[in-house]
Amino acid sequence: MHEIWCYGADACGDKVYLAVWGGGLLEYDRARNRWRDYRDPDGEMEIDLFRNDGLVHDVVASVACDRAGIVWVGTYFGLSTYDGRKWLNFMDHDPPVGGLASNFINFVTAHDGYGWIATDNGLNATDRKSWWTYRRDPNSGRGIVLERRPDGSIRQFTIDTIFPHNYLLGIAFQGDDIWVATEKGVSVGRRSRHALSTSTQMNVSRQ
């Protein structure tokens, strides 16, 4: 491991994953007492030369594991997911538009089969096929939601309330409530029991 700045940790079964700023993703297999590191194959280049060839970048800010064993890795240059065999990488300029809100990711978590991503330009939720992006309209203060389906179709709609700032730092779930930490305080919203349905709300009750 080239760096010792550990920004986050999560566990999947016998494996523990560490987010290392500048050092990539570190895996510790407790059953075998074995360490393994995952690094960006492109080295220090700030472009992704070959798609899905490994971790998108070594500056890793957050890591989370879901119930299916998929590892979600948030970096300052995009999102990576790893299922133990294959990597899938996502960036904000991927066609068509409507996917990742920003490559600059501060935090990721996994909940009910979806990855939730806190960026410097809004909130994402995805099952790696469909995407939902939540942002605050700086003019109206209302929420703008982009919904992108696997066929590339995009639907935009607004919701009355949203978090107080688009620079997000953390996410936590408490039942159907989602807590969002931002540059200007904390908000709590209510999501639908049917994960990410069009009735999803971000009703801010505290700021």
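For the sequence shown, the numbering used here gives the first residue as 1, with consecutive numbering after it. Here a beta-carbon is modelled for each residue, glycine too, at the ideal position from N, C-alpha and C.
Counting C-beta pairs with one atom in each stretch, the segment 134–150 and the segment 74–83 have fewer than three that are closer than 8 Å, which means they do not touch. Sixteen is the threshold: since fewer than 16 other Cβ atoms of the shown chains lie within 10 Å of the Cβ of Glu-183, the residue is exposed.
Rounded to whole angstroms, Gln-156 and Ala-31 show a C-alpha spacing of 47 Å.
Between Gly-170 and the set Arg-128, Gly-115, Gly-152, Ser-140, the nearest pair of CA atoms involves Gly-115. In the DSSP assignment, the residues bridged to Phe-173 are Ile-178. With contacts defined by Cβ atoms closer than 7 Å, Thr-119 and Phe-104 form a contacting pair. In this structure, the CA atom of Val-145 is about 19 Å from the CA atom of Val-186.
Rounded to the nearest angstrom, the gap between the Cα atoms of Thr-161 and Ala-181 is 15 Å. CA-CA distance, Arg-190 to Ile-4, rounds to 37 Å.
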